[in-house]
Amino acid sequence: MSKSLNKVPLTDKDRRKQISIRGLPLLENVASVKKTFNRHLHFTVVKDRNVATNRDYYLSTAHTVRDHLVGRWIRTQQHYYDSDPKRVYYLSLEYYMGRSLSNMMVNLGIESELDEALYELGLSIEELEEFEEDAGLGNGGLGRLAACFLDSMATLGIAGYGYGLRYEFGIFQQTIKDGFQCEEPDDWLRYGNPWEVPRPEYQIPVNLYGRVIEQNGKPKWVDTKVIMAMPYDTPVPGFNNNVVNTLRLWSAKAAQKFNFQFFNDGDYLNAVSEQSLAENVTRVLYPNDNYRQGKELRLKQEYFLVAATLSDIIRRYKHSKFGVSSTTRDDFGTFPDKVAIQLNDTHPALTIAELMRLLVDIEGLSWDVAWDITKRACAYTNHTLMPEAVERWSVGLLEHVLPRHLQIIFEINLRHLEEVAARYPNDAARRRDLSIVEEGDDKRINMAYLAIVGSHAVNGVAKIHSELLKTTLFKSFYELTPEKFQNKTNGITPRRWLVLSNPNLSDVIAERIGEDWITKLGELSRLRDFINDEEFVR
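Whatever position you read off the sequence shown (first residue = 1), add 1115 for the working numbering.
Here it is as structure tokens:
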């Protein structure tokens, strides 16, 4: 008889103690870095020094650093689960994160040990960094701002989550041929991504198309086409504070990847056509929308992000620990006290309609209760003053792709205009200016107006920008609800843009004023005391 059969069964508490993050080794010194690097080269990359390339050494280094932060990542999420704080959810179609290795090293405070360990192994961290693909999941300031916000939330210890799309191809790969720029696909995932963790257990079905019927006196969205949203998590460490937040990116997958019957009939293209069409949703950032197909794909991208994210937010809200861990929270009265949803520009503005759909159609709340929850939970950041840059979706396209959401937007607009009429009686021009629906031969939905009406706060990204919003683009809305409008001046993270980008200057500054400025940028004003210090200025 096996000896194990004679043992006293372990209690659940004893089992949990044995499956614990406690006691796992960290990178405490140069020797532990080399040991972990060596283990990953042989057991993760599965190569030895005779055949390993610099890319293999980069991957081993990345996994070594990841080992050091994983314990912090798990503990952070455990803490959020147990303490159930208010969580901030940042929705953005762009994230320009930059290369992760050096940024992780700085925020974790292990760059010195790692650099020395690699030097003793005959490797250069600067050379290995060049083998990390720079994910072009953004087009400029919008995506870089999102990345800086994630870094800041982690450094401040805010329970923050970024949500975006995991584009198969980045914005583009630049090459120069015969003196001219050529734009080629940016296949940033071709060598894999050591920083991301797939989470197939949290896949979410996203519905598109279909029609709306009435069932038991209530609208029901039926006959939809389903695309699966597959999440991939990337850690976002704070600076020297053991906090690691999460960026969750969604990848589109087919509900049925392979049609066996078509394949057996010799129709090999149609056997995999559903997979190809579904995955097009996250194929590239900003597909060309000069054609109807491109516009439809862009709309599907934006809704795909919103639908998957809101389902995930509600799942987490229901199941976070609050008193008894086995209890599910079904009361949405505290939703705005536990959830803050920040819309980065108008791309995720469909959040307003989708959250209403989930609360009314799925959770069974009344319209008035759901609308109060939605407005208190959502806030909107505007990035442009140009009217032509504001997203406007045609009613016909919305009716084709998202018929239930169009109904909800119409209802939101109807109730909104009733409030406007009560405030400004007999003022048809005012109602027209404030309408979410733009009338005409081609009716359109103004997504910025939808975001304003459905949010409790609206901000610009610089003082002058925010003031101009109130006097030009959104003047009528400011006059209607001035309390909503505020300013949040854009900033950058000094960790990446000074400590990492210019370490020599960082050292000089630290010699004069210490290192508090790394997390409190206002401390840099103390450098005025050294304006006449010739040695410092040189």
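Note that the Cβ used here is the ideal one computed from N, Cα and C, for glycine as well.
query = First and last residue of the alpha helix (DSSP H) that includes N1518?
reply = Start at 1 with the first residue of the sequence shown, and residue 1518 comes out as number 403. Correcting the residue type first, residue 1518 is Pro in the shown sequence and not Asn. It spans 1518 to 1538 - the alpha helix (DSSP H) in which P1518 sits, taken as one unbroken run.
Which full runs of the beta strand (DSSP E) of 3+ residues lie inside the segment 1163 to 1231, going along the chain? Segments of the beta strand (DSSP E) lying fully in the segment 1163 to 1231: 1202 to 1206.
- Query: T1191 to N1360, Cα distance in whole Å?
  - Reply: Position 76 of the sequence shown, counted from the first residue, corresponds to residue 1191. Position 245 of the sequence shown, counted from the first residue, corresponds to residue 1360. The straight-line gap from Cα to Cα measures roughly 7 Å.
query: With contact counted as at least three CB pairs below 8 Å, one residue from each stretch, are the segment 1631 to 1643 and the segment 1285 to 1293 in contact?
result: no
Y1406 classed as buried or exposed, judged by whether at least 16 other C-beta atoms fall within 10 angstroms = Position 291 of the sequence shown holds residue 1406. It is exposed - the Cβ of Y1406 has fewer than 16 other Cβ atoms within 10 Å.
What are the residues that DSSP puts in a beta bridge with P1350? Counted from its first residue, the sequence shown places residue 1350 at position 235. In DSSP, P1350 forms a bridge with T1361.
Are S1207 and L1271 closer than 8 Å when you measure CB to CB? The residue you call residue 1207 lines up with position 92 of the sequence shown. The residue you call residue 1271 lines up with position 156 of the sequence shown. No, they are not a contact pair.
Thinking C-alpha only, which one of D1548, A1563, V1614 is nearest T1466?
Position 351 of the sequence shown, counting from 1, holds the residue named residue 1466. For the residues D1548, A1563, V1614, the minimum Cα distance to T1466 belongs to A1563.
* To do: Decide yes or no for the touch test of the segment 1336 to 1345 against the segment 1534 to 1543: beta carbon pairs closer than 8 Å, at least 3 of them.
  => The segment 1534 to 1543 and the segment 1336 to 1345 do not touch, with fewer than three beta-carbon pairs separated by less than 8 Å.
Report yes if the C-beta distance between V1652 and N1605 is below 8 Å; otherwise report no. Locating residue 1652 in the sequence shown gives position 537, where the first residue counts as 1. Locating residue 1605 in the sequence shown gives position 490, where the first residue counts as 1. No, the pair does not count as a contact, with Cβ atoms beyond the cut-off.
Item to check | Beta-carbon proximity check, L1107 vs V1321, cutoff 8 Å | outcome: Outside the shown range of the chain, which is 1116 to 1653, sits residue 1107, and nothing can be said about it.
Indicate whether E1478 and L1425 have their beta-carbon atoms separated by less than 8 Å.
-> Taking the first residue of the sequence shown as 1, we reach residue 1478 at position 363. Taking the first residue of the sequence shown as 1, we reach residue 1425 at position 310. No.
Quick check on DSSP: helix, strand or coil for F1600? Numbered from its first residue, the sequence shown carries residue 1600 at position 485. Residue state, collapsed to three classes: strand.
Bounding residues of the alpha helix (DSSP H) (the contiguous stretch that carries S1391):
Here residue 1391 refers to the residue found at position 276 when the sequence shown is read from its first residue. Note, S1391: alpha helix (DSSP H), 1388 to 1394.
Look at the Cβ atom of D1266, then the Cβ atom of R1519, and state whether they are nearer than 8 Å. Reading the sequence shown from its first residue, position 151 is the one you call residue 1266. Reading the sequence shown from its first residue, position 404 is the one you call residue 1519. It is not a contact, given that the beta carbons lie outside the stated cut-off.
Can you tell which of K1490, N1497, E1411, I1328 has its C-alpha closest to the C-alpha of L1513? Position 398 of the sequence shown holds residue 1513. Cα-wise, what sits closest to L1513 is E1411.
Report task. With a threshold of 16 other CB atoms inside 10 Å of the CB of P1540, please say whether the residue is buried or exposed. Result -> Position 425 of the sequence shown, counted from the first residue, corresponds to residue 1540. So P1540 counts as exposed.
Quick check: what's the CA-CA separation for N1414 versus G1275?
One-based indexing of the sequence shown puts residue 1414 at position 299. One-based indexing of the sequence shown puts residue 1275 at position 160. According to the sequence displayed, residue 1414 carries Leu and not Asn. Whole-angstrom Cα-Cα distance: 26 Å.
Query - Neighbourhood of V1358 by C-beta, 6 Å cutoff - its chain only, sequence neighbours within 5 removed - result: The residue given as residue 1358 occupies position 243 in the sequence shown. Contacts found: T1191, A1269, G1272.
(Q) In whole angstroms, give me the CA-to-CA distance for D1644 and R1627. (A) Taking the sequence shown and counting its residues from 1, one reaches residue 1644 at position 529. Taking the sequence shown and counting its residues from 1, one reaches residue 1627 at position 512. Going from the Cα of D1644 to the Cα of R1627 covers about 10 Å.
Q: For my contact list, K1368 and E1394 are in at a C-beta cut-off of 8 Å; report their separation, rounded to the angstrom.
A: Sequence index remark: in the sequence shown, residue 1368 carries index 253 (1-based). Sequence index remark: in the sequence shown, residue 1394 carries index 279 (1-based). Confirmed, Cβ separation roughly 7 Å.
query: Using a Cβ-Cβ cut-off of 6 Å (strictly less than) and excluding sequence neighbours within five positions of I1429, which residues of its own chain qualify?
result: The residue given as residue 1429 occupies position 314 in the sequence shown. Excluding sequence neighbours, I1429 sits near nothing in its chain.
Check your understanding: Mind checking K1453: buried by the 16 CB within 10 Å criterion, or exposed?
Key -> Taking the first residue of the sequence shown as position 1, residue 1453 is located at position 338. The residue in question, K1453, is buried, as its Cβ has 16 or more Cβ neighbours within 10 Å.
Query raised in the report: For I1579, does the count of other Cβ atoms within 10 angstroms reach 16, so buried, or fall short, so exposed?
Result: Numbered from 1 along the sequence shown, position 464 holds the residue referred to as residue 1579. Under this definition I1579 is an exposed residue.
Residue from Y1210, R1202, L1521, V1180 whose Cα sits closest to the Cα of S1217: In the sequence shown, the residue the question calls residue 1217 occupies position 102. Looking only at Y1210, R1202, L1521, V1180, the smallest Cα-Cα distance to S1217 is reached by V1180.
TODO: Counting only runs of 4+ residues fully inside the segment 1571 to 1630, write out the alpha helix (DSSP H) ranges in chain order.
DONE: Here the runs fully enclosed are 1578 to 1586, 1590 to 1595, 1618 to 1628.
- Task: Provide the residue(s) that pair with G1275 in DSSP beta bridges, ordered along the chain.
- Result: Along the sequence shown, read from residue 1 onward, the residue named residue 1275 stands at position 160. Partner(s): V1203.
* Three-state class that DSSP yields for V1439 in the structure shown -> For the purposes of this step, residue 1439 is identified with residue 324 of the sequence shown, where counting begins at 1. Note that V1439 scores a pLDDT of 48, beneath 50, so its modelled location is shaky; the value from the coordinates is reported in the next line. Three-state DSSP puts V1439 in coil, outside helix and strand.
Closest to R1398 by CA distance: which of Y1432, G1285, E1649, K1201 is it? Taking the first residue of the sequence shown as position 1, residue 1398 is located at position 283. When only C-alpha atoms are compared, the closest one is G1285.
- request: Closer than 8 Å by C-beta to E1329: which residues in its own chain qualify, once you throw out the five before and the five after it? Chain order, please.
  value: Along the sequence shown, read from residue 1 onward, the residue named residue 1329 stands at position 214. Counting only Cβ-Cβ distances below 8 Å, and skipping sequence neighbours, we find K1335.
Taking the alpha-carbon positions, what's the A1566 to T1496 distance? By one-based count along the sequence shown, residue 1566 stands at place 451. By one-based count along the sequence shown, residue 1496 stands at place 381. Their backbone Cα atoms lie some 9 Å apart in a straight line.
Along the chain, where does the alpha helix (DSSP H) that runs through S1147 open and close? For the purposes of this step, residue 1147 is identified with residue 32 of the sequence shown, where counting begins at 1. Segment 1145 to 1158, the alpha helix (DSSP H) holding S1147.
- Item | Inter-residue CB distance, Y1347 and E1298 (contact presumed, cutoff 8 Å) | Translated into positions along the sequence shown, residue 1347 becomes position 232. Translated into positions along the sequence shown, residue 1298 becomes position 183. Taking C-beta atoms under 8 Å as the contact rule, Y1347 and E1298 fail to qualify, at a distance of about 25 Å.
* For E1460, does the count of other Cβ atoms within 10 angstroms reach 16, so buried, or fall short, so exposed? -> Position 345 of the sequence shown, counted from the start, is the residue given in the question as residue 1460. Going by the sequence as given, residue 1460 is Asp instead of Glu. Buried, by the Cβ-count rule.
Note to self: On the criterion of 16 or more Cβ atoms from any shown chain inside 10 Å, does V1439 qualify as buried, or is it exposed?
What the structure shows: Locating residue 1439 in the sequence shown gives position 324, where the first residue counts as 1. Note that V1439 has pLDDT 48, beneath the 50 cutoff, so the model's placement of it is unreliable and the number below is only indicative. That one is exposed.
Below 8 Å between beta carbons: does that hold for V1568 and I1527? Along the sequence shown, read from residue 1 onward, the residue named residue 1568 stands at position 453. Along the sequence shown, read from residue 1 onward, the residue named residue 1527 stands at position 412. The answer is yes: Cβ separation under 8 Å.
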